[in-house]
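S.K.: Encoded as C-alpha coordinates, here's the structure I'll be asking about.
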Amino acid sequence: MALSDDIDLLSAVPLFSGLDTDQLRLVAFGAEHRQIATGQVLFREKSPAECAYVVVSGALDLHVIGRGGKSRLETTVGKGVMLSELALVTMVERKFTAVAAEDVDVIRITRAMFHRLLEEYPAMARHVEARIKQSISALVDGTAAMAGRFE
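What follows is the structure, encoded as C-alpha coordinates:
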(Lines of atoms letter the chains of each structure in order from A and count residues from 1; the text may use other names and numbers.)
(Lines give C-alpha, C1' and ligand atoms only; values in the text may rest on other atoms or scores of the structure.)
Protein backbone atom coordinates (compact mmCIF):
# COMPACT_ATOMS: atom_id res chain seq x y z
CA MET A 1 0.00 0.00 0.00
CA ALA A 2 1.32 3.44 -0.88
CA LEU A 3 2.12 6.06 1.73
CA SER A 4 -0.57 8.31 0.26
CA ASP A 5 -3.16 5.55 0.81
CA ASP A 6 -2.10 5.24 4.45
CA ILE A 7 -2.39 9.02 4.86
CA ASP A 8 -5.92 8.96 3.41
CA LEU A 9 -6.92 6.12 5.73
CA LEU A 10 -5.41 7.74 8.84
CA SER A 11 -7.14 11.05 8.07
CA ALA A 12 -10.49 9.27 8.51
CA VAL A 13 -9.57 7.92 11.97
CA PRO A 14 -11.15 10.21 14.60
CA LEU A 15 -7.93 10.58 16.63
CA PHE A 16 -6.08 11.85 13.55
CA SER A 17 -8.91 13.59 11.68
CA GLY A 18 -7.76 17.15 12.38
CA LEU A 19 -4.10 16.62 11.54
CA ASP A 20 -2.66 18.15 8.40
CA THR A 21 -1.12 16.10 5.59
CA ASP A 22 2.46 16.57 6.83
CA GLN A 23 1.54 15.37 10.33
CA LEU A 24 -0.34 12.38 8.91
CA ARG A 25 2.66 11.59 6.71
CA LEU A 26 4.85 11.43 9.83
CA VAL A 27 2.44 9.03 11.53
CA ALA A 28 2.19 6.84 8.41
CA PHE A 29 5.94 6.86 7.83
CA GLY A 30 6.67 5.85 11.44
CA ALA A 31 4.10 3.05 11.45
CA GLU A 32 4.45 -0.46 10.07
CA HIS A 33 2.11 -2.78 8.19
CA ARG A 34 1.31 -6.25 9.44
CA GLN A 35 -0.57 -8.96 7.61
CA ILE A 36 -2.65 -11.39 9.65
CA ALA A 37 -3.97 -14.58 8.02
CA THR A 38 -7.54 -15.76 8.51
CA GLY A 39 -7.94 -17.38 11.93
CA GLN A 40 -4.74 -15.93 13.37
CA VAL A 41 -4.76 -13.87 16.58
CA LEU A 42 -3.54 -10.27 16.38
CA PHE A 43 -3.58 -9.85 20.18
CA ARG A 44 -5.21 -11.38 23.25
CA GLU A 45 -7.51 -9.94 25.89
CA LYS A 46 -5.69 -8.75 29.04
CA SER A 47 -2.30 -8.62 27.31
CA PRO A 48 -0.35 -5.36 27.68
CA ALA A 49 -0.97 -2.91 24.83
CA GLU A 50 2.13 -1.03 23.67
CA CYS A 51 0.62 0.01 20.35
CA ALA A 52 -2.59 0.75 18.48
CA TYR A 53 -3.71 -0.81 15.23
CA VAL A 54 -5.68 0.64 12.33
CA VAL A 55 -7.42 -1.86 10.04
CA VAL A 56 -6.38 -1.23 6.42
CA SER A 57 -8.28 -4.13 4.84
CA GLY A 58 -10.07 -7.27 5.90
CA ALA A 59 -12.02 -7.89 9.09
CA LEU A 60 -11.23 -8.75 12.70
CA ASP A 61 -13.55 -10.54 15.12
CA LEU A 62 -13.31 -9.08 18.62
CA HIS A 63 -13.91 -11.65 21.35
CA VAL A 64 -14.27 -11.14 25.10
CA ILE A 65 -14.10 -13.70 27.87
CA GLY A 66 -17.60 -13.98 29.25
CA ARG A 67 -19.03 -15.62 32.33
CA GLY A 68 -17.75 -19.10 32.84
CA GLY A 69 -14.55 -18.26 30.96
CA LYS A 70 -16.05 -18.80 27.51
CA SER A 71 -15.03 -16.63 24.60
CA ARG A 72 -17.89 -14.59 23.14
CA LEU A 73 -17.87 -12.70 19.84
CA GLU A 74 -18.53 -9.06 20.71
CA THR A 75 -18.32 -7.50 17.24
CA THR A 76 -16.51 -7.56 13.91
CA VAL A 77 -14.55 -4.51 12.71
CA GLY A 78 -13.11 -3.55 9.35
CA LYS A 79 -11.32 -0.88 7.38
CA GLY A 80 -10.60 2.39 9.16
CA VAL A 81 -11.19 1.18 12.72
CA MET A 82 -8.52 1.97 15.31
CA LEU A 83 -8.01 -0.60 18.05
CA SER A 84 -6.47 0.23 21.45
CA GLU A 85 -6.30 3.99 20.90
CA LEU A 86 -5.42 4.67 24.55
CA ALA A 87 -2.31 2.50 24.19
CA LEU A 88 -0.76 5.40 22.28
CA VAL A 89 -0.68 7.55 25.40
CA THR A 90 -0.55 5.18 28.38
CA MET A 91 -0.09 1.58 29.42
CA VAL A 92 -3.37 -0.32 29.16
CA GLU A 93 -4.53 -3.91 28.79
CA ARG A 94 -6.24 -5.18 25.67
CA LYS A 95 -9.99 -5.28 26.25
CA PHE A 96 -10.63 -8.13 23.83
CA THR A 97 -8.96 -10.77 21.67
CA ALA A 98 -8.70 -9.82 17.99
CA VAL A 99 -8.88 -12.71 15.51
CA ALA A 100 -8.69 -12.32 11.74
CA ALA A 101 -12.11 -13.16 10.28
CA GLU A 102 -10.41 -12.98 6.87
CA ASP A 103 -6.93 -11.97 5.74
CA VAL A 104 -6.21 -8.61 7.36
CA ASP A 105 -3.73 -5.80 6.80
CA VAL A 106 -3.22 -3.46 9.76
CA ILE A 107 -1.07 -0.44 10.47
CA ARG A 108 0.77 -0.76 13.79
CA ILE A 109 1.50 2.51 15.60
CA THR A 110 3.73 2.21 18.67
CA ARG A 111 3.44 4.35 21.77
CA ALA A 112 7.16 5.24 21.61
CA MET A 113 6.90 6.53 18.04
CA PHE A 114 3.70 8.41 18.82
CA HIS A 115 5.26 10.08 21.88
CA ARG A 116 8.25 11.21 19.80
CA LEU A 117 5.87 12.86 17.32
CA LEU A 118 3.98 14.60 20.10
CA GLU A 119 7.21 15.91 21.63
CA GLU A 120 8.46 17.25 18.30
CA TYR A 121 5.15 18.76 17.17
CA PRO A 122 3.32 20.61 19.99
CA ALA A 123 0.39 21.55 17.72
CA MET A 124 -0.17 17.88 17.02
CA ALA A 125 -0.02 17.15 20.76
CA ARG A 126 -2.69 19.78 21.47
CA HIS A 127 -4.96 18.32 18.80
CA VAL A 128 -4.54 14.77 20.11
CA GLU A 129 -5.12 15.95 23.68
CA ALA A 130 -8.42 17.54 22.63
CA ARG A 131 -9.50 14.34 20.82
CA ILE A 132 -8.65 12.20 23.85
CA LYS A 133 -10.61 14.52 26.14
CA GLN A 134 -13.60 14.16 23.80
CA SER A 135 -13.27 10.38 23.89
CA ILE A 136 -13.04 10.31 27.69
CA SER A 137 -16.01 12.64 27.99
CA ALA A 138 -18.07 10.38 25.73
CA LEU A 139 -17.01 7.36 27.79
CA VAL A 140 -18.02 9.09 31.04
CA ASP A 141 -21.36 10.11 29.55
CA GLY A 142 -21.98 6.55 28.35
CA THR A 143 -21.07 5.12 31.73
CA ALA A 144 -23.35 7.59 33.52
CA ALA A 145 -26.21 6.66 31.21
CA MET A 146 -25.75 2.99 32.11
CA ALA A 147 -25.37 3.56 35.88
CA GLY A 148 -29.06 3.00 36.57
CA ARG A 149 -28.87 -0.51 35.14
CA PHE A 150 -26.54 -1.66 37.91
CA GLU A 151 -28.39 -0.34 40.94
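For the sequence shown, the tail end lands on 438 under the numbering used here, and the numbers increase by one without skipping. C-beta atoms are modelled at their ideal positions from N, C-alpha and C, and glycine is treated no differently. Just so it is clear, the structure is predicted and the values come from calculations on it, not from any experiment.
Looking at the structure shown, is residue 407 part of a helix, part of a strand, or coil, going by DSSP?
M.R.: Helix.
S.K.: Taking 8 angstroms as the cut-off, decide whether the C-beta atoms of residue 374 and residue 336 are in contact.
M.R.: In contact: residue 374 and residue 336 (Cβ atoms closer than 8 angstroms).
S.K.: If we count Cβ pairs, one from each stretch, closer than 8 angstroms, do we get three or more for the region 296 to 309 versus the region 336 to 346?
M.R.: The answer is yes - the region 336 to 346 touches the region 296 to 309, with three or more Cβ pairs under 8 angstroms.
S.K.: If I measure Cβ to Cβ from residue 301 and keep anything under 6 angstroms in the same chain, skipping five residues before and after, which residues do I get?
M.R.: None.
S.K.: In whole angstroms, what is the alpha-carbon distance linking residue 392 and residue 347?
M.R.: Taking the straight line joining both Cα atoms gives about 10 angstroms.
S.K.: Which value, in whole angstroms, describes the spacing of the CA atoms of residue 377 and residue 423?
M.R.: Approximately 14 angstroms, taken between the alpha carbons.
S.K.: In the DSSP output, what is residue 319 paired with across the bridge?
M.R.: Note: residue 319 sits in a beta bridge opposite 395.
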